[in-house]
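Q:
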Amino acid sequence: MYRFYILFPLLCIGFANLRAQSTVSIRNCTRINSSALEFSPSFYGNGMVFVSSRKRSGEVDKITGETYFELFYADFDEDGMPIHPAPFSAEINSDRHEGQVSFTKSSDKMYFSRNSISKGVPQAGKDDTVRMRVYEAFKGSYDWERVRPLPFNNLNYSCMHPSLNYDGSRLFFASNMPGGYGKMDIYFVDWDGTKWTDPINLGPEVNTSGNEVFPYAHDNGALFFASTGHRGLGGLDIYMIDLSGDEWGKVINLGQPYNTKADDFGLILDKESTRGFFSSNRSGGLGKDDIYAFDAPAGLQGLKPVVQVSLRITAIDEENNASEPNVNVRVFERANDGLIKDGNTYAATLVPATDQSQDLIMRLNRKNDDELGSPTGVTGRDGSVTLNLAANREYVLLISKTGFKTQELPFIPKAQTLKNSMEVRMAHINCIPLRGIALTDKYEKPIPNTKVRVISSCNGQEVLLTSNLDGSFDHCLDLGCTYTILAEKYGFKPSQTQLSTENVRGSRSFSISMRLAPINEEVMRKPLAEGTVIVMENIYYDFNKAAIRTTDARDLEALTRLMLKYPTMEVELGAHTDSRGTTEYNQQLSVRRAEAAKEFLVRKGVAANRIRTTGFGETQIRNHCKEGIECAEKEHQFNRRTEVKVLKINEAAQYEVKPGGN
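Dropping the structure here:
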């Protein structure tokens, strides 16, 4: 019963086919288990994070008789067994209990159980009991940071054992909140794009008059959990239910050897559904609770496999209709909010609005191939490549090859169409890609917002570029010309170089570094000045709505990265409407829009006290579409925008210059 404290009539239920489970092998994870308690593993990186009371010194919990539970990490060896346990995080482990953890696919955010504490002080409910809450944390440069409880927690009941579904849109957890079916029930909340919904009980199919705890959501839509209330072998047993369809499946007891007359709980399963881990206090272990590994080559009986579909992509040269080999294909999965989940394909550029103004316009440029990591697949001699993807998910395909235009294509596979095909026609770029970066001369630190002039000897034409926040810039150079490239930034000595595209053959590209020497140290202190206004060109709202279009939130993603880079940066979000509707209504609508943008940033990890919101209504129309004037929808959309004013920023830039020489 200690697990319910800290990590807190029989129904007709099916058992897994015991004969089918006979091929399962189970091993005690002896290299991480101790005489104390080890339980609730979670996959992370090339290993696992688990809960343990193995700490030999420290305060002892009077109820459990153990030191307070902490999170530990262990690597996997060549056989997939955990080894070398070590404390997981100095920021996450506290002087109270930590419990089950769940990570996003990109491993940059975690959800975990912890006693209710605030600034290190335990927070008790009305009955003076310190209960469990679900927290989130974000991965920082050195450790986890921005730890905070989720909004559905309450000091008067416990919420614990969080588990995310495959795309992070649903979070399962256990709770003894009022209104349940038993002692501990399993609930879920959904992410609606800006916030978590109110908790929803899974209902009597799952929850009983007993305890339902330790949920684990698998990629195929199955939910595993432990229960004392369903028909079982004794103590806590492990069960699963298929939640993937419109109609849920039946609860199934996993049977032996996963379950015994002892407590068995906390199961996790790999993507292939053939290997995993669980916790048990069965006889023969090393401690009170041990973690066990299992191999099930035939899979778990009753578990529906993840439906895989194949996608054959064929690249065709648009000029000659020939198959095009060596084309890179990158696959990105869309999250529930419409954005790419496991990476960012765009870089932000802050471009001065005018030469005289310090106001900036945020623009987004797709990253180059070498910045996006290895491709998912590459077309062969016949111009084709076949990929295997999970069905019923949304993807973005990035198709690229030097000398051709990069294409960004959506793809939504259907389970009923197991074999899919796509033909991509590749359009030539009759120029040579130029990729450059503006750097300080001594310390090679990137210089954002550098003006880069590209002057052609063929016609004297000059193209003005601006370096991104990471100092990079790119352009495409016409063939047969010599180019002068000049980089300029206020406070720096200019840098110049020349390139020639004469007699260039085959597919190639140029990479250059423009090194600028600072005139003095002070000019490098603030990449963004207080009072700067950033116009968000790529975030728009539908008419009469406050919700941000999920497909148009990339600017806010870029702003999030900027504010996380500069922790003292404080901003004002100003929302604007078009002129349609009454003045009073538009004012209220703009306030709601500014709040929606703030909620997006807060959800991504920016502290709420760093963001002010202001609604301007229709007071600052940017074009001629004022009240009573008939305009096209795109003209009205131009006025529905969000602007960001920098109120405060104290950090120096990420680069420094040491005065007085070396």
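Residues -20 to -1, 1 to 642 (mature numbering (1 follows the signal peptide of the UniProt record, and there is no 0)) are what the sequence shown spells out, left to right. Ideal placement from N, C-alpha and C gives every residue a C-beta, glycine not left out. All values derive from a computational prediction rather than experimental measurement.
1. Residue 644 and GLY585 look like a contact to me (Cβ under 8 Å); what is the Cβ gap, rounded to whole Å?
2. In whole angstroms, give me the CA-to-CA distance for LYS625 and ASN589.
3. How far does the beta strand (DSSP E) with VAL624 in it extend, from its first residue to its last?
4. Check for me: the alpha helix (DSSP H) holding THR540 runs from which residue to which?
5. What residue from LYS119, ARG113, ARG361, SER437 has the CA that sits closest to SER87's CA?
6. Once you ignore the five residues that flank VAL484 on each side, which residues in its own chain have a CB closer than 7 Å to its CB?
7. Can you tell which of PHE257, ASN200, LYS628, GLY25 has its C-alpha closest to the C-alpha of GLY229?
8. How should HIS64 be labelled, buried or exposed, when 16 other C-beta atoms within 10 angstroms of its C-beta is the threshold for buried?
9. Could you compute how far the alpha carbon of THR622 sits from the alpha carbon of LYS578?
10. Could you give the residue range of the alpha helix (DSSP H) that holds LEU581?
11. Can you list the beta strand (DSSP E) stretches of 3 or more residues lying completely in the stretch 274 to 304, in chain order?
12. Counting along the chain, where does the beta strand (DSSP E) carrying TRP124 start and finish?
13. Helix or strand or just coil, what does DSSP make of PHE312?
14. Could you compute how far the alpha carbon of GLY440 sits from the alpha carbon of SER475?
15. What are the boundary residues of the beta strand (DSSP E) that includes ILE591?
16. Quick check on GLY45: buried or exposed, where buried means 16 or more other Cβ atoms within 10 Å of its Cβ?
17. By a C-beta neighbour count over all protein chains shown, 10 Å radius and 16 as the cutoff for buried, is GLN80 buried or exposed?
18. Compute the distance between the beta-carbons of ALA295 and MET402, then report whether it is under 7 Å.
19. Let me confirm a value: THR177 is counted as buried when at least 16 other C-beta atoms fall within 10 Å, else exposed. Which label applies?
20. Leaving out five residues on either side along the sequence, give the residues of the same chain with a beta carbon under 6 Å from the beta carbon of ASP522.
21. Quick one: complete beta strand (DSSP E) runs, 3+ long, within the stretch 366 to 409?
22. Which first and last residues belong to the beta strand (DSSP E) in which LYS119 is found?
23. Is the Cβ-Cβ distance between GLY416 and ILE492 less than 7 Å?
24. In chain order, which beta strand (DSSP E) runs of at least 3 residues are fully inside the stretch 30 to 111?
25. Out of GLU185, ASP170, GLY173, point me to the one whose CA is closest to TYR161's CA.
26. What's the C-alpha gap between GLY363 and ALA302?
27. To the nearest angstrom, how far is it from the Cα of SER260 to the Cα of LEU213?
28. Whole angstroms are fine: how far does the CA of ARG573 sit from the CA of residue 706?
29. Between ARG211 and ALA154, what straight-line distance do the alpha-carbon atoms span, to the nearest angstrom?
30. Which one of MET112, GLY148, PRO305, LEU249 has the shortest CA to CA distance from PHE92?
31. Between the C-alpha atoms of VAL309 and PHE490, what's the straight-line distance to the nearest angstrom?
32. Would you list the one or two residues that DSSP bridges to TRP171?
33. My guess is that ARG488 and LYS175 are in contact by the Cβ rule of under 8 Å, so how many angstroms apart are they, rounded?
34. How long is the line joining the alpha carbons of LEU182 and LEU283, rounded to whole angstroms?
35. Three-state secondary structure (DSSP) at GLN617?
36. Pull up the DSSP beta-bridge partners for ARG150, would you.
A: In short, the structure shows the following:
1. Since the displayed the chain opens at -20 and closes at 642, residue 644 lies outside it and no answer follows.
2. Approximately 15 Å, taken between the alpha carbons.
3. Taken as a continuous stretch (DSSP letters only), the beta strand (DSSP E) holding VAL624 covers 621 to 628.
4. Segment 534 to 545, the alpha helix (DSSP H) holding THR540.
5. Nearest of LYS119, ARG113, ARG361, SER437 to SER87, Cα basis: LYS119.
6. Short of 7 Å from the beta carbon of VAL484, and not among the five residues preceding or following it, lie these beta carbons of its own chain, in chain order: ILE412, LEU459.
7. Of the candidates PHE257, ASN200, LYS628, GLY25, the one whose C-alpha sits nearest the C-alpha of GLY229 is ASN200.
8. With fewer than 16 Cβ atoms within 10 Å of its Cβ, HIS64 is classed as exposed.
9. Spanning the two alpha carbons is a distance of roughly 11 Å.
10. Counting along the chain, the alpha helix (DSSP H) containing LEU581 begins and ends at 563 to 583.
11. For the stretch 274 to 304, whole beta strand (DSSP E) runs of length 3 or above, ordered along the chain, are 288 to 297.
12. Element bounds for TRP124: 124 to 129.
13. The three-state reading of DSSP puts PHE312 in strand, counting E and B together.
14. If I take the Cα positions, the gap works out to 19 Å.
15. In this chain, the beta strand (DSSP E) harbouring ILE591 covers 591 to 597.
16. The C-beta of GLY45 has fewer than 16 other C-beta atoms within 10 Å across all chains shown, which makes the residue exposed.
17. It counts as buried.
18. Contact flag unset, no.
19. Per the 10 Å Cβ criterion, exposed.
20. For ASP522, the predicted structure reports a pLDDT of 48, less than 50, and the residue's modelled location is therefore unreliable. The matter cannot be settled from this model.
21. Taking only runs of at least 3 residues, the beta strand (DSSP E) segments lying wholly in the stretch 366 to 409 are 375 to 380, 387 to 391, 399 to 406.
22. Membership of LYS119 in the beta strand (DSSP E) is indicated by the continuous run 112 to 119.
23. Yes, they are a contact pair.
24. DSSP runs (the beta strand (DSSP E)) wholly in the stretch 30 to 111: 50 to 56, 62 to 67, 78 to 83, 89 to 95.
25. Taking the Cα of TYR161 as reference, the smallest distance to any Cα among GLU185, ASP170, GLY173 is reached at GLU185.
26. Their Cα atoms are separated by approximately 8 Å.
27. If I take the Cα positions, the gap works out to 13 Å.
28. Nothing can be reported for residue 706, as the shown portion of the chain is limited to -20 through 642.
29. Each residue's alpha carbon lies about 19 Å from the other.
30. The candidate whose alpha carbon is nearest that of PHE92 is MET112.
31. The alpha-carbon atoms of VAL309 and PHE490 are separated by roughly 22 Å.
32. Its beta-bridge partners are TRP176.
33. Not a contact, Cβ separation roughly 49 Å.
34. Distance between the alpha carbons of LEU182 and LEU283 is about 19 Å.
35. Note: GLN617 maps to helix in three-state DSSP.
36. ARG150 pairs with ASP170.
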